[in-house]
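Take 0 as the starting number for the sequence shown in numbering that gives the first Met the number 0 and just add one per residue.
We put the CB at the ideal spot given by N, CA and C, even for glycine.
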Amino acid sequence: MRKFADLLDRFVSYTAFDTMSNSALCGKKRPTADGEEELLLHLKSELEALGLEVYYGKEKVVAGKLKGNSDGEPVAFMAHVDTADDVPGNGVKAMVWPDYDGSDIVLDGITIERKTNPDLGNYIGGTIITSSGDTLLGADDKAGVAIIMEALGYLVSHPEIRHPDIEVFFTPDEETGSGMSEFPYEKMESRICYTFDGGREGEVETECFNAASVRFSIHGTVFHFGDARGRMHNALTAAAHIVTALPGSESPEATDGRYGYYCPTDIKGTAGEAELSVIIRDFSEENFERRLKALQALAESIGLLHGVSIETDADIQYRNMAKANSQRPEALEAVYKAAEKLSIKLEETLIRGGTDGAALAYNGIASPNIFTGAHNMHSLTEWVALEAMERGTELMLAIIEEMVR
Ligand SMILES: [Zn+2]
């Protein structure tokens, strides 16, 4: 086992940046939090200190390149610097629990229970890192950032290790879904880019949803309610009818695994004008297209039923990355070979959501998502084990070895 002396301090130092992204500012401010820019600039100078060539431009994405000392396919690694806003995400005070004894971890006002966190049992004698209990920790995805930085530091201080060109990317605003809306693709030479943004140790993800948001704009006809009979066409009634027509068995709360769904996410309006948003999610492209058609057909028939006019506007949010990953099987093969050398048991899981990798995949770049060791992401009980991050760092180095020709 290699020694990664700086990994813990590195991770803890990143958690201190106030990087809670804010979807209300998407499209107005990039990155959406000042602390994200501070961390991006900090990473830029760390990369420069390691001797990498670094680009940081208007896209607010840090792109670093470590020149290879050997032939082989260039390979990229990526992580996001922002943290979620589901619970307070700024003012994080990371707590380090060395020599973990297997008991419940009691934080200020909240307890991380061993019985609901069975994976804690894998790290007895190890080092657990948590927040102080009133914020998230931010292991999603600062554990990923720390893994990538530590592996780079290791390579630079061990010039005898052969490697091809290595590229690293740190993105803002992933949690808002807008992180990849501007991405300097021309700065990426690699056709394989691993994201370190997964969960429990051993997990690797190669598939995510196809995702769209469909907006219904409903135009009714309003009359004085006393005179409305036969003349009024209520836009809100039609909107509500669209919602109730969606199959309840195909909702987020009734599906898991490979099942897709519809979900109304926003409704507002008056009898005259109403707006409704429905998201659709599906792993299968064919089912995804069917769902899009179904919503279109629903708009037509509900419009006719209620005598209102309905326009729909479908925004494709991201696509399943399975296709790009299967077109470059060597991307996943390298993860398996590397994991085998390190005796890490891999578990392939599905992302019932999207990742920054999905946007890369849409551009033909294979982008398996690899574990960081983070647990209970987006919550006050978020935790990560140092040993899982060490294994992630080992895995990154072993993947790089697989790329040498
Ligand atoms: Zn993440």
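With a cut-off of 6 Å, the C-beta of residue 84 is classified as distant from ligand 1, since no heavy atom of the ligand falls inside that distance. Relative to ligand 1, even the nearest heavy atom lies 6 Å or more away from the CB of residue 172. With respect to the 7 Å criterion, residue 263 and residue 172 are not classified as neighbours on the basis of their beta carbons.
For the 7 Å CB-CB criterion, residue 403 and residue 161 form a contact.
Here residue 106 is bridged, per DSSP, to 109. Annotation: the stretch 333-372 contains the following complete segments of the beta strand (DSSP E) (minimum length 3 residues), in chain order: 346-350 and 368-370.
At least one heavy atom of ligand 1 falls within 6 Å of the beta-carbon of residue 140.
For residue 148, there is no enclosing beta strand (DSSP E); the enclosing alpha helix (DSSP H) covers residues 138-156.
The nearest non-hydrogen atom of ligand 1 is less than 6 Å from the C-beta of residue 196. Judged by DSSP secondary structure, residue 276 falls within the beta strand (DSSP E) whose first and last residues are 272-281.
Separation of the CB atoms of residue 401 and residue 333 is rounded to 4 Å, and the pair is thereby assigned contact status at 8 Å. Scanning 302, 138 and 390 for the CA closest to the CA of residue 11 turns up 138.
Excluding five sequence positions before and after residue 244, the CB atoms of its chain that fall closer than 8 Å to its own CB belong to 297 and 301, given in chain order. Its chain contains 309 as the residues whose beta carbon lies nearer than 8 Å to that of residue 299, once the 5 sequence neighbours on both sides are disregarded; these appear in chain order. Relative to the Cα of residue 118, the nearest Cα in the group 159, 384 and 207 belongs to 384. Per the Cβ contact rule, the stretch 64-73 is not in contact with the stretch 90-102 (fewer than 3 Cβ pairs under 8 Å). The DSSP-derived three-state label of residue 374 is strand.
Taking a cut-off of 8 Å on C-beta distances, the stretch 218-228 does not touch the stretch 366-384, as fewer than three cross pairs fall below it. Across the set 112, 359, 18 and 46, the C-alpha of 18 shows the shortest separation from the C-alpha of residue 82. In the three-state scheme derived from DSSP, where H, G and I count as helix and E and B as strand, residue 198 is classed as coil. With contacts defined by Cβ atoms closer than 7 Å, residue 356 and residue 194 form a contacting pair. Boundaries of the beta strand (DSSP E) around residue 95: 94-96. One Cα belongs to residue 347, the other to residue 155, and the distance between them is close to 31 Å. In this structure the stretch 313-332 touches the stretch 205-216; the number of beta carbon pairs closer than 8 Å is three or more. Our two residues, residue 57 and residue 350, have alpha carbons roughly 30 Å apart in a direct line. Spanning the alpha carbons of residue 336 and residue 398 requires a straight line of approximately 8 Å. Minimum Cα-Cα distance from residue 232 among the listed residues 196, 273 and 256 corresponds to 273. According to the DSSP assignment, residue 10 belongs to the alpha helix (DSSP H) that extends over 6-14. The alpha-carbon of residue 354 is positioned some 25 Å away from that of residue 7.
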